[in-house]
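Q: Take this structure, written in structure tokens, and hold onto it; I'll ask about it next.
Numbering (full-length UniProt numbering), first residue to last: 1 to 374.
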């Protein structure tokens, strides 16, 4: 029987082959295309470029350039292109501070995802309070999702430091709103958020004064110290002539008139603060309390204030798609507890309430064995 012998070339041989082709490229041997960027010409082999870059593959297999031996490239840095062509042949490129941005831009154009990812990794290691806003914008422009998320987390954790640099003062008003309205920012105090907004407005007051009310709506004025509100906020010239801002200040001071036993906001008082704020037309405080109740449904519904809600209020709460609840069993138990609290009066509402409990999402075993029943 005839025996077969299969020779499988090693990675070392492949590397030697590409090294040889790169040497030929440098000497313009057997090259069939020249890439032109401004006054620089880079000879290369179409098959090598197409094998590594989807951009060049599409160009050399389906476009007019497939029949051309000189390709003029627009919108790419010539030095970055030179490095990337070298990388295609050698699998090596040095990413550093003075080339990372042009490299990433060119790598995105040529669809060299491994180089783009390497640039993102490098930028991640360089992130600090002085450059994170700029890196975030650059990452967003180039669709570097992982770097954007990493950057956003950094900004949230270092809000105090980040907002001390000029880059913050050059943000658009939409970007400032996006930053200060983020519930995840780690900030020393709400006074710091307020001061950031005032500093941003003053940086170009002629252009930015029109955004004062829009920005101040996202500052949680009720959580500033009462003395700070009366001594600084209420006397701020930017706010004094603005009706919306004056109303926000009044709302904040109204919060400080709340009985001391129901502040600050927590699971035991959030429903009470919500009702008090609603009664006095404190819209922002109502919304803030609503958000708190949604996020802390399990804890909030353990206090007597929940048992004293009206039927309509209970329905409004349990039918809210945004409540964060451990399980639908918890919603069911809240309803039963509320009914039992005054069963003689409330039993008539049983059907109305149960319509808003997602019974199909209760565990089968729970339905069979639950002691909670009317």
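Quick reminder that beta carbons are idealized off the backbone N, C-alpha and C, glycines included. Since the structure is predicted, the reported quantities are computational estimates derived from the model, not experimental observations.
Quick one: what does DSSP say residue 92 is sitting in, helix, strand or coil?
A: In this structure, residue 92 counts as coil in the three-state DSSP scheme.
Q: Would you kindly work out how many angstroms separate the C-alpha atoms of residue 213 and residue 75, rounded to a whole number?
A: Going by the C-alpha atoms only, they are around 41 Å apart.
Q: Where do the N-terminal and C-terminal ends of the alpha helix (DSSP H) with residue 339 fall, by residue?
A: Segment 328-341, the alpha helix (DSSP H) holding residue 339.
Q: Cutting at 6 Å between CB atoms, please list the residues of its own chain near residue 354, excluding the five before and the five after it.
A: Excluding sequence neighbours, residue 354 sits near nothing in its chain.
Q: Which residue comes first and which comes last in the beta strand (DSSP E) that contains residue 35?
A: Per DSSP, residue 35 belongs to the beta strand (DSSP E) from 33-37.
Q: Please classify residue 58: does DSSP put it in a helix, a strand, or coil?
A: Of the three classes helix, strand and coil, the one that applies to residue 58 here is helix, per DSSP.
Q: Skipping 5 residues on each side, what residues in its chain have a beta carbon closer than 6 Å to that of residue 271?
A: These residues qualify, in order along the chain: 305.
Q: Quick one: give me the first and last residue of the beta strand (DSSP E) that residue 43 is part of.
A: 40-44 is the extent of the beta strand (DSSP E) around residue 43.
Q: Near residue 101, which residues of its chain fall below 7 Å by C-beta distance, leaving aside the five closest residues on each side in sequence?
A: Closer than 7 Å at the Cβ level, and outside the excluded window around residue 101, lie 138.
Q: Consult DSSP for residue 185 and reduce its assignment to one of helix, strand or coil.
A: If DSSP states are grouped into helix, strand and coil, residue 185 belongs with coil.
Q: Please go through the same chain and pick out, in chain order, the residues whose beta-carbon is closer than 8 Å to the beta-carbon of residue 125, but skip the five residues on each side of it.
A: Excluding sequence neighbours, residue 125 sits near nothing in its chain.
Q: Answer yes or no: the CB of residue 222 versus the heavy atoms of the ligand GDP, is any distance below 6 Å?
A: Inclusion of the ligand GDP in the displayed structure is not the case, the ligand content being empty and no account of it being possible.
Q: Does the segment 58-71 touch the segment 79-88, meaning 3 or more C-beta pairs lie closer than 8 Å?
A: Touching, no.
Q: Could you tell me how far apart the beta carbons of residue 248 and residue 201 are, in whole angstroms, since I believe they sit closer than 8 Å?
A: Not quite, the Cβ-Cβ distance comes to about 15 Å (not below 8 Å), so this is no contact.
Q: Return helix, strand or coil for residue 323, following the three-state DSSP convention.
A: In the structure shown, residue 323 sits in coil (DSSP, three-state: anything other than H, G, I, E or B).
Q: DSSP on residue 70, reduced to helix/strand/coil?
A: Looking at residue 70 - three-state DSSP - the assignment turns out to be strand.
Q: Return the chain-ordered ranges of every alpha helix (DSSP H) run that is complete within the segment 255-313 and spans a minimum of 4 residues.
A: The segment 255-313 contains these whole alpha helix (DSSP H) runs: 270-279, 283-295, 297-300 and 304-307.
Q: Leaving out the 5 sequence neighbours to the left and right, which residues in its chain are closer than 8 Å to residue 220 when beta-carbon positions are compared?
A: Result list for residue 220: 190, 193, 284 and 288, in chain order.
Q: I'd like to know whether the C-beta of residue 186 is nearer than 7 Å to at least one C-beta of chain D.
A: Among the chains in the structure shown there is no chain D, since it carries only a single protein chain.
Q: What is the residue span of the alpha helix (DSSP H) that residue 97 lies within?
A: Taken as a continuous stretch (DSSP letters only), residue 97 belongs to no alpha helix (DSSP H), as it is neither H nor E.
Q: Taking the straight line between their C-alpha atoms, what separation do you get for residue 27 and residue 123?
A: Looking at the two C-alpha atoms, the distance is approximately 35 Å.
Q: Express the C-alpha separation of residue 286 and residue 330 in angstroms, rounding to a whole number.
A: Near 24 Å, if we compare the C-alpha coordinates of residue 286 and residue 330.
Q: Please state whether the Cβ-Cβ distance between residue 319 and residue 297 is less than 7 Å.
A: Against a cut-off of 7 Å, the Cβ pair of residue 297 and residue 319 comes out as no contact.
Q: Could you check what DSSP says for residue 79 in three-state terms: helix, strand or coil?
A: Three-state DSSP puts residue 79 in a helix.
Q: At the level of alpha carbons, what is the spacing between residue 178 and residue 84?
A: For residue 178 and residue 84, the distance between alpha carbons rounds to 36 Å.
Q: What does the alpha-carbon distance come out to for the pair residue 262 and residue 229?
A: With a pLDDT of 47 at residue 262, under the threshold of 50, the modelled position of that residue is not reliable, and no figure is offered here.
Q: Taking the C-alpha atoms as reference points, what is the distance between residue 245 and residue 216?
A: Those two C-alpha atoms are separated by around 7 Å.
Q: With H, G and I counted as helix, E and B as strand and the rest as coil, what does DSSP make of residue 160?
A: Three-state DSSP puts residue 160 in a helix.
Q: Just to confirm before moving on: does the CB-CB distance between residue 307 and residue 341 stay below 7 Å?
A: A contact, by the Cβ cut-off of 7 Å.
Q: Exposed or buried, which one is residue 19 when buried takes at least 16 other CB atoms within 10 Å?
A: Label assigned to residue 19: exposed.
Q: Would you list, in sequence order, the uninterrupted alpha helix (DSSP H) runs of no fewer than 4 residues that lie entirely inside the segment 186-233?
A: Within the segment 186-233, the complete alpha helix (DSSP H) runs of at least 4 residues are 190-203, 205-208 and 212-216.
Q: Alpha carbon to alpha carbon, how far is residue 167 from residue 109?
A: Their backbone Cα atoms lie some 27 Å apart in a straight line.
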